[in-house]
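Novice:
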DNA sequence: GAAAAAAACTAATAAGTGTTAGTTTTGTAA
DNA sequence: TTACAAAACTAACACTTATTAGTTTTTTTC
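Below, the structure is given as structure tokens:
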């Protein structure tokens, strides 16, 4: 009889969630089966249900855990006394660090949210929309204060968020390009350009 | 007995491919069934097989059609006599236009290539790697010629490609932000920054 | 209009899906 | 040791999956 091995400070559900994130990232949510997940966890598929409610619930937990971490952070940056440019920089750096530390979960939240059921799908999209609004607020504030060029705030938010989201492709080159180089160069390009 | 309606200059396979791209974009490749596709096409599922080889083949066709369009374009830009900055700008603008004109296919190629079977998966990744190398060549050339700051070329490529890939999120806001504004502002931010 | 080819159909297959029921084993407290 | 709960197991269900076989209908060609 196999057993779920839990490290210290990790419930069995957390172990399952972590392995699910890795599986969903690698194979996508829909193409991942509960039997495959069970294999990775080292247990028979039905045994998973002693710890989790459903396959959907796994996706929900991953997406909202990441979602709330980002929300929390941007609220903290909002209420700080940084300059607007420094706020934007802080957002970019936080994205990069989240990507570095919670790659699988962030990847899944970014790519597989589409498979959330209602009402979670709507909730998740609202969280994201609010996040984008906060960041857009920084941009607008920066333009008002003449700290930032008169650009279209929406396009700027789109560009920044897309750029940091693309960090998933960096993973394979981790060794060649260390984190701090990536962080500094990306911040510099997005804020000051390359020309 | 239902029938596949083909507009002029479109084979029945092309009709299926177009609808498949839309379906795969909306629901993801794995979560899309041949029965759903058949529904959209207006025919029973087995009838599709008179025109296509398999579900996988649909994904292959979509990915490689888009892949070769990008490859062709970057080769053309490579052999042009533009300045390096102008070359980079041309790449960004081409991405935006491709996204605007072939949204579904580009989206699927960007998101669902993971589900390609071998040897197609390897081939596709090679195509992408070569594309990235070409773009990286422009950056390196620009640095050598002092037209571009001394940045890390890999990070720059990553940032640019991620930004343009993120245009998929722009679709919903098409009406508020017209294409030429998006194009100009994104080019400007990536080349000249926002500060 | 007859013959051939293309493209639709129905029926079926084998494999895989998430999940439940019921049972047995394991770990914990008294 | 005994009782109880947690967590594993096997077996099974109801469905869905891509795809094939075989047949019928439609379209094209002469």
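Protein chains in written order, with the numbering used here: chain A, 17 to 211; chain B, 17 to 211.
Don't be surprised by glycine CBs; every beta carbon is placed ideally from N, CA and C.
What does residue 56 (chain B) reach in chain A if we use C-beta pairs closer than 9 Å?
Specialist: Going along chain A, no residue has its Cβ under 9 Å from residue 56 (chain B), so there is no contact; the nearest lies around 18 Å.
Novice: Where do the N-terminal and C-terminal ends of the alpha helix (DSSP H) with residue 29 (chain A) fall, by residue?
Specialist: Residue 29 (chain A) -> alpha helix (DSSP H) spans 28-43.
Novice: I think residue 193 (chain A) touches residue 171 (chain B), with their Cβ atoms under 8 Å apart; what is that distance to the nearest whole Å?
Specialist: Confirmed, about 6 Å.
Novice: Tell me which residues of the region 196-211 of chain B have at least one Cβ-Cβ distance to chain A shorter than 8 Å, keeping chain order.
Specialist: Cβ contacts with chain A come from 197, 198, 201, 202, 204, 205, 206, 207, 208, 209, 210 and 211.
Novice: Please give me, in chain order, every unbroken run of the alpha helix (DSSP H) with length at least 4 that falls completely inside the region 78-102 of chain B.
Specialist: The qualifying runs do not exist here; there are none.
Novice: With H, G and I counted as helix, E and B as strand and the rest as coil, what does DSSP make of residue 65 (chain B)?
Specialist: Coil.
Novice: Please name the residues in the region 175-187 of chain B whose beta-carbon is closer than 7 Å to at least one beta-carbon of chain A, in chain order.
Specialist: The region 175-187 of chain B vs chain A, Cβ under 7 Å: 175, 177, 178, 179, 181, 182, 185 and 186.
Novice: Less than 8 Å between the CB atoms is what I'm expecting for residue 100 (chain B) and residue 165 (chain B), so what's the real figure, rounded?
Specialist: Actually they are not in contact, since the Cβ atoms of residue 100 (chain B) and residue 165 (chain B) sit about 12 Å apart, beyond 8 Å.
Novice: Residue 74 (chain B) and residue 36 (chain B): beta carbons closer than 8 Å?
Specialist: Contact: yes.
Novice: Using a Cβ distance threshold of 8 Å, determine whether the region 82-95 of chain B contacts the region 83-92 of chain A, with at least three qualifying pairs required.
Specialist: No, because fewer than three Cβ pairs between the region 82-95 of chain B and the region 83-92 of chain A fall closer than 8 Å, the two stretches do not touch.
Novice: Does residue 149 (chain A) come within less than 8 Å of chain B when only Cβ atoms are used?
Specialist: Chain B, which has no Cβ nearer than 8 Å to the Cβ of residue 149 (chain A), makes this no.
Novice: Hey, is residue 80 (chain A) close to the ligand HEM, as in C-beta under 7 Å from one of its heavy atoms?
Specialist: This structure simply doesn't include the ligand HEM, nor any ligand for that matter.
Novice: Just to confirm before moving on: does the CB-CB distance between residue 173 (chain B) and residue 141 (chain B) stay below 8 Å?
Specialist: No. Outside cutoff.
Novice: So, with DSSP's three-state summary, where would you put residue 203 (chain B)?
Specialist: Here residue 203 (chain B) sits in helix by DSSP.
Novice: Classify residue 2 (chain A): buried if its beta carbon has 16 or more other beta carbons within 10 angstroms, exposed otherwise.
Specialist: Look at the range of chain A in this structure, 17 to 211, and you will see that residue 2 (chain A) is not part of it.
Novice: Start and end of the alpha helix (DSSP H) containing residue 53 (chain B)?
Specialist: From DSSP, the alpha helix (DSSP H) with residue 53 (chain B) extends over 50-57.
Novice: With 16 as the cutoff for other CB atoms within 10 Å, does residue 138 (chain A) come out buried or exposed?
Specialist: Exposed is the call here.
Novice: Applying a beta-carbon distance threshold of less than 9 Å, which residues of chain B neighbour residue 218 (chain A)?
Specialist: Chain A is shown only over 17 to 211; residue 218 (chain A) falls outside these bounds and no answer can be derived.
Novice: Go through its chain and collect everything with a Cβ distance to residue 93 (chain B)'s Cβ below 7 Å, but skip five positions before and after it.
Specialist: Counting only Cβ-Cβ distances below 7 Å, and skipping sequence neighbours, we find 103, 106 and 107.
Novice: Which residue marks the beginning of the alpha helix (DSSP H) containing residue 175 (chain B), and which one marks its end?
Specialist: Run containing residue 175 (chain B): 169-181, per the alpha helix (DSSP H) assignment.
Novice: Give a yes or no on whether the minimum CB-CB distance between residue 189 (chain A) and chain B is below 8 Å.
Specialist: Interface residue, yes.
Novice: Taking buried to mean at least 16 other C-beta atoms within 10 Å of its own C-beta, is residue 134 (chain A) buried or exposed?
Specialist: Flag for residue 134 (chain A) reads exposed.
Novice: Along the alpha helix (DSSP H) that carries residue 141 (chain A), what are the first and last residues, could you check?
Specialist: That run of the alpha helix (DSSP H) goes 136-160.
Novice: Does any residue of chain B have a CB that is nearer than 8 Å to the CB of residue 130 (chain A)?
Specialist: Yes, its Cβ sits closer than 8 Å to a Cβ of chain B.
Novice: Taking 8 Å as the cut-off, decide whether the C-beta atoms of residue 76 (chain A) and residue 132 (chain A) are in contact.
Specialist: In this structure, residue 132 (chain A) lies closer than 8 Å to residue 76 (chain A) by Cβ.
Novice: Whole angstroms is fine: what's the gap from residue 125 (chain B)'s alpha carbon to residue 79 (chain B)'s?
Specialist: One C-alpha to the other measures close to 5 Å.
Novice: Can the beta-carbon of residue 110 (chain B) be found less than 8 Å from the beta-carbon of residue 187 (chain B)?
Specialist: No, the pair does not count as a contact, with Cβ atoms beyond the cut-off.
Novice: Run through chain A and tell me which residues come within less than 7 Å of residue 164 (chain B), C-beta to C-beta.
Specialist: Ordered by position in chain A, the residues that pass the 7 Å Cβ test against residue 164 (chain B) are 210 and 211.
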